[in-house]
Every structure is written in C-alpha cells, then in structure tokens.
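One line per chain: the protein sequences are A and B, in this order. Residue 1 is where the first sequence starts when you use the UniProt record's numbering, and the numbers rise one by one after that. Residue 1 is where the second sequence starts when you use the UniProt record's numbering, and the numbers rise one by one after that.
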Amino acid sequence: MMVINILGVLLIALIVWWFWLYREPAAAMEAGEVTIEVKDGIYSPAHIRLKAGQSLSLKFIRRDPSPCASVVVFEDFDVSEELPLNKARKVELPPMQPGRYPFTCQMQMYKGELIVEKAADAHG
Amino acid sequence: MDSEHQSAQGKPCHQHGSSAQAAAVPQQVLMIEGAGCASCVGKIESAIHRVPGVQEASMNFVERTVTVTGEVSADVLIQAVEQAGYGARVTSEESSAELLDEKEQADREYYKRLLREMSIALGLGIPLMIYGLVIGEMTVTTTMERVAWGLVGLATLAVMLVSGRHFYVGAWKSVRNHSANMDTLIALGTGTAWLYSMVVVMVPDVVPLMARHVYFEATAMIIGLINLGLALEVRARGRTSEAIKRLIGLQARTARVFRDGREVDVPIEQVQKGDQVRVRPGEKIPVDGVVSDGHSSVDESMLTGEPMPVEKTVGDEIVGGTLNKSGSLLFKATRVGKDTALARIISMVKQAQNSKPPIGRLADVISGYFVPAIMIIAVISALIWLNVGPEPTVAFAVVSATTVLIIACPCALGLATPMSVMVGVGKAAEAGVLIRNGQALQTASKITAMILDKTGTITEGAPRVTEVVPVGDMDEASVLRLAATLEQGSEHPLAQAIVESAQDRDIELGEVDGFNSIAGHGVEGRVDDCSLLFGNEKLMRDREISIDAYLEQAQSMAAQARTPMYLASGERLIALIAVADPIKEDSVEAIKRLQNDGIRVVMLTGDNRDTAKAVAEQLGIEEFFAEVLPEDKSSKVAELQQQGEIVGMTGDGINDAPALALADVGFAIGTGTDVAIESADVTLMRGSLHGLADAIAVSRATLRNIRQNLFGAFIYNVAGVPVAAGVLYPFFGMLLSPVIAGAAMAFSSLTVVTNANRLRLFKPEDH
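Set out below in structure tokens:
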C-alpha cells in the first residue's frame with residue numbers, strides 16, 4: 001500500500017511539474033511573421049519569442065473543425081480573430097512592451113504565449 | 001512537425017524572391033486539397049512546373065497553397081494538380097457571405113461526423129449497458145467469460161479508435177505540449193476504464209476476485225454521449241451567430257453599373273469607387289454612394305432600427321445594404337468592398353462578439369488551472385479509496401477516478417461568457433446599437449448616471465430661428481442679413497439656423513472680414529464696415545454692451561425653451577434673435593425609460609440657464625449643466641465620476657470626443673449611418689434616444705445571462721466533482737456511475753449555449 005501511496009504522490013508531483021512549473025523553450029521569431037497551425041488541441045508553435053518594440057504578424061491556419069478552435073483571442077490587446085477552416089488568417093499585433101502575453105481560444109483550451117524580451121536581451 | 005515548419009517558414013523567402021518577377025509576370029495562388037504530408041510538396045510543385053508557361057511554382061505546405069508565376073490559365077494548373085492525384089482550386093479574396101457559407105458547410109460536416117461517431121459508440125455502449133442492467137454483473141470469473149469480454153474489449157478499442165480518435169490525439173498532443181484540455185480528461189477517463197477492464201480480462205490474478213469487473217460499456221457510452229453533446233453544441237452555436245448572418249445577408253450580390261455607356265450587372269466585388277450605379281425600386285443598394293440622379297425613399301431600418309423610410313435625392317448619401325423603396329436612383333459609388341459602412345459594421349460586430357468582458361476573467365484564470373487540478377483530484381480520490389475504502393477497493397478507486405475525470409467540464413466554464421457576449425452583441429446590433437467590445441458591454445450594464453448632450457442628442461440638432469426682434473431703426477431683414485453674413489463661416493448648429501433663415505427669406509448675404517469665433521460665447525467680425533458681435537449674454541457683458549433693457553424679453557424667450565442671441569454693432573445692441581431646436585419626438589419617452597432603470601439622467605448644454613431649465617422641464621429631467629463651454633464638457637463627466645457615479649456620456653461623437661473618451665462608457669449618437677463608428681464605446685445608429693435605453697437594457701440582460709452561465713458552470717463543477725469522487729458514499733452508499741458523469745458533462749456545456757441562446761428572445765424595447 002505504501003508503494004502505491006508513494007507512486008500516487010509522485011504522480012501528483014509529476015502533474016504539477018509537467019503542467020504548471022515547466023517552461024517550454026520558445027520558438028524565436030526571425031522574420032516579422034510566424035505561421036501557427038491550430039490542430040489537435042494545440043497551437044504549433046505555441047510559444048513565440050520576439051523583441052520588444054517589434055510588430056508582429058501571426059498567420060493562423062485552423063485544421064480542427066471543432067468550433068472551440070474557431071476564434072483566437074489576444075486578451076491583452078483586445079484583439080480577436082475568427083479562423084476559417086483550412087485557410088490562413090492573419091492577425092497583426094502592435095509592437096509590445098517586454099512581458100508574457102497569452103493567446104488562447106475562447107475557452108482557454110488552446111493556449112499559446114508571446115514572450116516579448118527587451119531588445120538588448122534578445123540580441124545576447 | 002518540425003519539417004513542416006521549416007518548409008512553412010522557408011517558403012515565404014522563396015516567394016519573396018520571385019515577387020520581383022511578379023511585376024511583369026502574373027502570379028496566382030491555388031488552394032491544394034488532399035496534401036496530407038510534407039512529401040506531397042515536391043510532387044505538386046514538379047507537376048505544376050511541367051505545365052508549359054510556368055516559370056515558378058512554390059508550395060506552402062502549412063497553408064496548403066501553391067503560388068504559381070507564369071502566363072498560364074488556372075484551369076490548366078488545376079488539371080495538372082489533379083493528374084498528380086490531388087485537388088486544387090483558385091483562391092480569391094472572399095466576401096463575408098462566402099466565408100459564412102463555408103463556415104456553415106464546415107459546421108454541417110462536423111455535425112454529421114460527430115453524429116456518425118456517436119452512433120458507432122452508442123451502438124456498442126447501449127447493448128452493453130442493457131446487458132449489465134438486465135443480465136447482471138459484468139464480471140470475469142470463467143475462461144469463457146474472459147474470451148467473451150476480451151472480444152468486447154477489442155470492439156471497444158475499435159470504437160475508441162474510430163469514434164474517439166480526436167480525443168486521444170488531442171490529449172496526446174496537448175500533454176506533450178505541457179497543456180491539458182477537455183480531450184485530456186476524456187482520454188484519461190475512458191482510457192483508465194478500458195485499461196483496467198483489459199487488465200481484469202488478460203491477467204485477472206493481479207486483481208482481487210471481488211474487483212474483477214469490466215467497464216467497457218462506460219468507455220463506449222462516454223465517447224458516444226460526449227460526441228452527441230458536441231454535435232448538439234455545434235448546432236446551438238450556429239444559432240448564436242444569427243445576428244451577424246442577418247447583417248451579412250443584407251449585402252447585395254450584384255450591382256447594375258454603367259460600363260462603356262451601358263448598364264451591366266456585375267458581381268458586387270467588381271464595383272469600383274466612382275462607378276455610376278443604378279438601383280431600381282425594390283432593390284437593395286449595393287454599395288455606399290452619393291445620389292447623382294433621381295428621388296426615392298429608402299428603408300434604412302435594417303441598419304439603424306429606424307422604422308420610417310428616409311427621403312433621398314440628388315446629393316444625399318446612401319448606404320449599401322439598405323432598401324430602395326419607391327423611385328429609381330442613380331448614384332456614384334463612394335465606398336466599396338471592405339470600406340462600406342455595412343462591411344465596417346460587420347467587422348466591428350464580429351470583433352466585439354469575440355471579445356471578453358472582465359467578468360469572464362476569473363473563469364479564465366480558473367480554467368487555466370482546471371484540468372491538471374482535476375487530474376490531481378482524481379489521483380487523490382483513487383488513493384483515498386485504496387487506503388480507506390471498502391472492498392473491492394481497486395474497483396472503487398478506478399470508478400471514482402474515472403468519474404471525476406469525466407464529470408469535470410472546463411468547457412461549460414469557458415463557454416459561459418463568450419456565448420452570451422456573442423448573442424448579446426448581436427442582439428444589440430439588431431436594434432441598431434454597435435457595442436465596441438466586452439468591456440463596454442459590461443460597463444454599460446453598470447451605468448448609474450447618464451449625461452445627455454442637448455443639441456443633436458435630445459433635440460433634432462437642426463435649430464430654427466423663431467423670432468427676430470430689431471432694436472432701433474433697422475428692420476428684421478437687415479439685422480438678419482448682418483447676422484447671417486457674419487455666421488456664414490461658422491459650423492455651429494445655431495449659426496446654420498441663422499443662415500438658413502436668411503436664405504428662406506431670399507436675403508442676399510454680404511461678405512465678412514476678420515471673422516473670429518469665441519468658443520462657447522459667439523462670433524465677431526466686420527460686415528459692411530460695421531464691427532459686429534453676435535452671441536450670448538455673457539459675451540455682451542464681457543464686452544460691456546448694455547442689454548439690460550432687453551433682458552426680460554430674452555428671459556421670456558428662454559422660458560419657452562428658445563435660445564436668445566444678441567447682435568451688437570459697435571457698442572450698441574441692434575437685435576435680439578431667438579433660435580429653437582425642437583426636441584426629438586421620442587426623447588421624453590426614452591429618457592423616462594432610462595430613469596425607470598434607476599439611472600440619474602443629467603442634461604448638458606451650452607445654452608443659458610433659463611433655456612436649459614425650460615428644456616429640462618419639458619423632458620422631465622431634474623438635473624442639468626447649463627452654459628457649459630465645449631472644452632468643459634469632460635470636466636462635468638469627471639465631476640459626476642468623483643461623486644462615485646459610473647457615468648455614461650451621450651453625444652454626437654465628433655464635438656464631444658474628449659468627454660466621450662473620459663466617460664466610463666461613451667455613446668455616439670448618429671443620425672442614419674453617418675456616424676463616427678471609430679470614436680465611441682457604443683454607437684447608436686439611429687438618432688433616437690431609445691437606442692440608448694436599448695443599449696443599456698441589452699447590456700444588462702447579457703450580463704445577467706453571463707452570471708447565470710458562470711454560476712451554473714461553477715456550481716456544476718463544484719458539486720459534481722466531489723460527488724463523482726464519492727463524498728456521498730459514506731453517508732448514502734452512493735457512487736456516481738461514469739456513464740451518468742459522461743451524460744452530465746456532455747449536457748452541461750450544451751446548457752450554457754442554450755441559455756445564451758435564450759437572449760435571442762430578449763426584447764430591449766420592453767425594458
């Protein structure tokens with residue numbers, strides 16, 4: 001029984017680490033445009049790193065027919081866009097201050113994040 | 001995945017490289033169908049390359065598009081792609097109507113797919129469940145039973161792969177991506193039940209005798225029920241966007257334009273700015289424009305909510321999407337495509353429908369942590385059953401963990417706010433009220449005080465001269481001529497009234513020198529070598545012009561809600577002119593609606609106190625700010641805010657911009673559709689103040705609906721999860737079946753969408 005309890009606690013620790021504590025390395029953005037595929041419950045890439053003061057154009061392509069995936073919301077910028085199925089839809093974002101800005105579907109099931117770094121940091 | 005991205009990100013550079021040629025050689029983009037893997041790219045590109053005339057072909061795999069440079073017809077290219085075993089079609093910039101058709105088509109297909117998957121899953125699940133209920137326990141004791149249940153287990157696996165594939169793929173991908181969603185819970189729940197059952201079948205010895213129970217029926221039933229719930233939700237969601245469908249439906253598909261001296265019907269996308277367009281009676285006006293010939297009445301109710309048709313003649317603006325009723329009109333197109341008022345309204349409503357009011361933030365924060373938290377609760381629940389539960393502990397642990405995973409519904413929580421906003425914003429648009437975003441919607445529902453700018457908001461905004469009283473030896477016509485000549489350069493509505501009055505009397509105006517506008521007070525300038533001053537009492541006092549003898553007369557004008565103005569030549573008063581701006585027919589009733597809603601209504605005007613008081617009395621308004629200079633309007637907003645009020649400000653959206661911006665919610669009131677859509681939180685398309693009362697009624701109803709949804713979703717999860725974990729078992733011996741949990745979960749989000757749809761029946765005018 002002891003073994004099972006220990007395994008259970010380890011499982012809980014794993015859930016906490018895997019879903020809450022782990023920080024995924026972000027895909028750095030080279031050009032001013034990134035294409036994001038919306039499919040099977042995830043944005044890919046989901047984490048995008050860019051420099052502060054850089055404007056950004058994200059091209060979303062939805063492959064998931066479920067209506068949950070049909071809108072992407074950037075709450076910090078009050079920007080939302082309806083994503084047609086199997087078609088590219090551009091979302092233009094203004095230059096940003098350093099920080100982390102999530103983007104999600106309306107129900108927060110699809111999750112992505114823009115990681116905006118100070119211009120100097122990004123160079124280093 | 002990585003190779004897909006590389007190809008996606010590598011391609012644009014390639015395309016840029018060829019864009020220089022594009023200046024001379026035409027380029028076209030084809031949409032490719034059936035390209036399932038990155039290796040298709042090469043095949044498709046080379047198939048196109050072989051077509052004579054093609055200079056360059058580059059495919060973007062992620063977008064499933066191929067950009068072709070060269071003098072070649074699209075049909076030939078499509079044929080080449082089809083011969084290579086794929087499908088292709090030409091892409092073009094689609095209108096909202098086409099996009100909507102495609103969306104509906106995609107939704108229909110998805111709906112059918114979900115129903116198909118549901119039938120397969122329930123086809124296995126229902127007989128199994130009936131067997132369990134009628135025949136008895138689904139236990140594994142004999143070898144025969146092991147074989148039989150083993151086969152059922154394989155059939156269940158087939159159901160999982162066919163009907164539940166999207167849950168498992170979604171769950172796997174999101175877990176790999178360190179995120180968790182509804183798919184994760186369903187996959188874990190059904191997967192646990194199936195895996196445990198298979199262990200019982202394959203290696204029964206590791207499970208105590210009492211716990212050798214299989215749960216294949218739960219897996220199949222849950223997958224079936226959740227697919228059913230999703231299908232019904234897709235249907236219900238379709239109805240939430242009916243308002244936008246109606247707006248999109250207003251767009252005409254063709255227009256009759258003059259080309260080479262002939263009238264020809266062309267698709268709406270081909271209408272150019274400057275085209276002469278013909279609209280016959282009973283036809284929709286295709287784009288925005290200015291009437292160049294003809295006379296007709298136009299029904300604008302679909303955009304403004306204003307029931308009375310509006311007369312249109314040469315020089316008047318007409319708006320695309322409205323209906324030409326009586327006569328034939330020829331007009332010059334001034335705004336086409338995405339620039340038309342209707343297109344901008346559609347895009348604004350869509351944007352607002354997708355934005356979230358702050359009330360949804362807490363639910364968002366919770367749903368961010370929700371799924372992993374439920375997973376943890378499932379583990380804890382299983383551990384408690386294993387440690388202190390009755391025999392067979394393993395079976396109880398599995399059932400409780402599965403049920404917890406299945407019953408939790410992050411979707412209901414996530415859907416609660418957006419669905420209501422979608423319907424509420426659409427409902428408002430139907431009433432001619434454009435709400436900018438969720439924040440404006442929420443604040444509008446909480447407004448406690450409303451400032452109404454008098455001119456143009458409460459009144460028609462088209463003042464008329466009611467009295468001209470010469471003082472001294474000049475006659476009415478002469479003083480009116482001087483005043484009108486002086487005012488002809490001014491944009492002020494009162495100035496326009498003076499000029500119009502002179503024109504009505506066929507008085508020829510002279511020329512003005514040294515015109516100067518003294519904001520909020522009046523104007524000055526030289527006409528016929530006379531130095532003139534025209535304005536209110538304060539202006540006269542500032543310039544020390546004696547008006548005392550005429551004050552009583554001015555006050556009696558003001559008491560009749562007219563605005564008295566003084567005309568002075570040099571240092572001597574020469575006339576008293578009264579101007580009245582008629583109150584809009586329905587202002588009194590609309591203001592009463594606001595007051596009945598418990599809102600403190602305050603009128604604001606540049607008029608003198610006496611006139612303001614008389615107007616306020618007619619309207620039934622107790623509070624007013626009079627003699628307010630244009631630049632002081634915003635300080636009045638601030639004054640009410642300091643008193644703790646949540647202040648709405650209603651104005652024409654142009655002159656009142658700073659006050660509208662400072663107010664908690666700025667309402668721009670437009671007559672017709674000629675409104676500053678960009679400047680305000682809420683735009684009222686028609687001139688009536690009823691739009692204002694409608695806006696507040698809709699926003700309150702929407703917020704009420706959101707609260708109901710959020711409350712329902714919270715309570716459902718807060719009560720459902722512990723019951724699923726088995727908190728009732730020690731008291732009542734009751735443990736929820738995973739199948740019941742599946743049904744509850746499937747219908748909880750459907751309930752949220754259905755409740756939001758109730759808002760469609762809301763009638764703002766009844767409130």
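Where is the CB? At the ideal position from N, CA and C, for every residue including glycine.
Check: Using a beta-carbon distance cut-off of less than 8 Å, what residues from the region 193 to 214 of chain B approach chain A?; Outcome: none
Check: Along chain B, which residues have their Cβ under 7 Å away from the Cβ of residue 137 of chain A?; Outcome: Because chain A in this structure spans residues 1 to 124, residue 137 of chain A falls outside the shown range and cannot be described.
Check: Using a cut-off of 8 Å between C-beta atoms, extract the partners of A/T85 located in chain B.; Outcome: It is worth fixing the name first, because residue 85 of chain A is Leu in this sequence and not Thr. Within chain B, the residues near A/L85 are E102, K103 and A106.
Check: Within 10 angstroms of its Cβ, does B/T141 collect 16 or more other Cβ (buried), or is it exposed?; Outcome: exposed
Check: Since B/K446 and B/I706 should fall inside the 8 Å C-beta cutoff, what is the C-beta to C-beta distance between them, to a whole number of angstroms?; Outcome: Not confirmed; about 13 Å, so no contact.
Check: Tell me the rounded alpha-carbon separation between B/T649 and B/A462.; Outcome: The amino acid at residue 649 of chain B is misidentified as Thr; the sequence shows Met. Cα to Cα, the separation comes out at about 21 Å.
Check: Spatial neighbours of B/D674 within its chain, please: CB distance less than 7 Å, with the 5 preceding and 5 following residues excluded, ordered by chain position.; Outcome: The predicted position of B/D674 is uncertain, since its pLDDT is 48 and thus under 50; no value can be drawn from it.
Check: Quick one: what's got a C-beta closer than 6 Å to B/Y168's C-beta in the same chain, skipping five residues either side?; Outcome: A187
Check: Provide the residue span of the beta strand (DSSP E) that contains B/C530, from first to last.; Outcome: C530 to G535
Check: Note down the Cα distance separating B/L496 from B/D288, rounded to an integer number of angstroms.; Outcome: In the sequence as displayed, the identity of residue 496 of chain B is Gln instead of Leu. Answer to the nearest angstrom: the Cα atoms are 27 Å apart.
Check: Decide yes or no for the touch test of the region 447 to 458 of chain B against the region 468 to 483 of chain B: beta carbon pairs closer than 8 Å, at least 3 of them.; Outcome: no
Check: Could you round the C-beta distance between B/P208 and B/V394 to whole angstroms and report it? I think they count as a contact, below 8 Å.; Outcome: 7 Å
Check: Are the beta-carbon atoms belonging to B/A252 and B/V277 less than 8 Å from one another?; Outcome: no
Check: So, is the C-beta of A/H123 closer than 8 Å to a C-beta in chain B?; Outcome: Any answer about A/H123 is weak, because its pLDDT of 44 lies below 50 and its placement is not dependable; what the coordinates show is given next. A/H123 does not count as touching chain B.
Check: Tell me the rounded alpha-carbon separation between B/N324 and B/I583.; Outcome: 29 Å
Check: Does the separation of the CB atoms of B/I244 and B/G426 fall below 8 Å?; Outcome: yes
Check: What would DSSP say about B/Y716, mapped onto helix, strand or coil?; Outcome: helix
Check: DSSP three-state call for B/V169: helix, strand or coil?; Outcome: helix
Check: Note down the Cα distance separating B/D513 from B/G525, rounded to an integer number of angstroms.; Outcome: 6 Å
Check: Quick check: what's the CA-CA separation for B/D597 versus B/P357?; Outcome: 22 Å
Check: What three-state label does DSSP hand B/S688 in the structure shown?; Outcome: coil
Check: Taking 8 Å as the CB-CB cut-off, is B/S174 touching chain A?; Outcome: yes
Check: So, does the CB of A/A69 fall closer than 8 Å to a CB anywhere in chain B?; Outcome: no
Check: For B/L689 and B/P764, I'd like the C-alpha separation in whole angstroms.; Outcome: 13 Å
Check: Residues of chain A with CB closer than 8 Å to the CB of B/R335, please, in chain order.; Outcome: Correct list: empty, because the minimum Cβ distance to chain A is about 22 Å.
Check: To the nearest angstrom, how far is it from the Cα of A/V71 to the Cα of B/G327?; Outcome: 43 Å
Check: Go through its chain and collect everything with a Cβ distance to B/L114's Cβ below 8 Å, but skip five positions before and after it.; Outcome: N227, L228, L230, A231 and V234
Check: Among residues of its own chain, excluding the 5 on either side of B/I377, which ones have a beta-carbon nearer than 7 Å to its beta-carbon?; Outcome: V404, V721 and A725
Check: Please check if any C-beta of chain A sits within less than 8 Å of the C-beta of B/N354.; Outcome: yes
Check: What residue from B/G570, B/S39, B/T457 and B/T65 has the CA that sits closest to B/V29's CA?; Outcome: B/T65
Check: Between the region 43 to 58 of chain A and the region 81 to 96 of chain A, can you find at least three pairs of beta-carbon atoms closer than 8 Å?; Outcome: yes
Check: Using DSSP with H/G/I as helix, E/B as strand and the rest coil, what is B/R436?; Outcome: coil
Check: List the endpoints of the continuous alpha helix (DSSP H) containing B/V379.; Outcome: R361 to V388
Check: Residues of chain B with CB under 8 Å from A/L11, in chain order?; Outcome: V379
Check: What ranges does the alpha helix (DSSP H) occupy inside the region 597 to 656 of chain B, keeping only unbroken runs of at least 4 residues that lie completely in it?; Outcome: 609 to 619 and 633 to 642
Check: So that I know if they touch, is there some Cβ in chain A lying closer than 8 Å to that of B/C409?; Outcome: no
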